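**Q** If you're matching positions, the sequence shown starts at 0 in numbering that gives the first Met the number 0 and goes up one per residue.
A virtual CB, placed ideally from N, CA and C, is assigned to each residue, including glycine.
Just so we're clear, the structure is a prediction, and the values are computed from it rather than from any experiment.
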Amino acid sequence: MDTVEKIFSCTRCGYCCHGETTVSLDKDDQTRMVEVLGEEREVVEKTFWRVTAGVVQMKVTDGHCIFFDDGCKVHKGRPWRCAQWPLHPSILIDENNFHSIAESCPGIKVEVGYAEFCRVLKGLMAKSKISC
Ligand code: SF4
Ligand code: SF4
C-alpha cells in the first residue's frame, strides 16, 4: 500500500514557515487553534495573531511564523493551508506546479517522477491519508 513517505518526507527545513507574512486563518482555523492552545480567544489573538483589516494571520518573529521552532509548535491546530502544504492538488493539474513546489520544498521526492508521484498522491487523497 502506498504511503505519504513514498512521495514526501518533511526535512523540517522550515522554509514553508519563513517569510514576512503567513497564511491566513479562516474561522474554522481560528476556532481549532484556540482549542488546541487551550487559551481564551482574546489571549490567543493578542499573543499569536496579526489582524489586519479583518484578515487573521500568525505573527512573524525573526522572519518566521511565531509557532516555528524546529517544527510546528501548533501542529494539530495549524491552519488548513499549512496542513495542505506541500501536497497541493494543483500538482495533479500541471507538472510545472510539481516542479515549482519541489523547488520550495526539499521534502518532495522528485526522484519518484511526475507520473508516479501523481498516481500515489491521487490514491492518498482518495483515502484522505495526507498529513504533514
Ligand atoms: S514541508 Fe517542505 S518546506 Fe516545509 S519544513 Fe517540510 S520539507 Fe521544509
Ligand atoms: S502554523 Fe505551523 S506549519 Fe503553519 S506556518 Fe506556522 S509553524 Fe509553519
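For W48, which three-state DSSP category applies?
**A** Looking at W48 - three-state DSSP - the assignment turns out to be strand.
**Q** Relative to ligand 1, is the shortest distance from any of its heavy atoms to the C-beta of R11 smaller than 7 Å?
**A** Correct: R11 has its Cβ closer than 7 Å to ligand 1.
**Q** Given a cut-off of 8 Å, decide if M32 and G70 are closer than it, judged by their beta-carbon atoms.
**A** Against a cut-off of 8 Å, the Cβ pair of M32 and G70 comes out as no contact.
**Q** Ligand 2 heavy atoms versus the CB of R31: any closer than 7 Å?
**A** No - ligand 2 has no heavy atom lying nearer than 7 Å to the Cβ of R31.
**Q** What would DSSP say about V59, mapped onto helix, strand or coil?
**A** Residue state, collapsed to three classes: strand.
**Q** Mind checking who V54 pairs with in its DSSP beta bridge?
**A** Note: V54 sits in a beta bridge opposite T51.
**Q** Pairs of beta-carbons, one from the stretch 44 to 63 and one from the stretch 104 to 116, closer than 8 Å: are there three or more?
**A** No, they do not touch.
**Q** Can you tell me whether C131 is helix, strand or coil according to DSSP?
**A** Annotation note: pLDDT 44 at C131 (below 50); position unreliable, no value reported.
**Q** How many Å lie between C9 and V42 at the Cα?
**A** Approximately 31 Å, taken between the alpha carbons.
**Q** Flag this pair as yes or no: are the beta carbons of W84 and C15 separated by less than 8 Å?
**A** Yes, they are a contact pair.
**Q** For I90 and L120, which I take to be in contact (beta-carbon distance under 8 Å), what is that distance rounded to the nearest angstrom?
**A** Contact flag correct, Cβ pair sits at about 6 Å.
**Q** At which residue ranges does the stretch 2 to 49 contain complete alpha helix (DSSP H) runs of 4 or more residues, listed in the order of the chain?
**A** Taking only runs of at least 4 residues, the alpha helix (DSSP H) segments lying wholly in the stretch 2 to 49 are 26 to 36 and 40 to 47.
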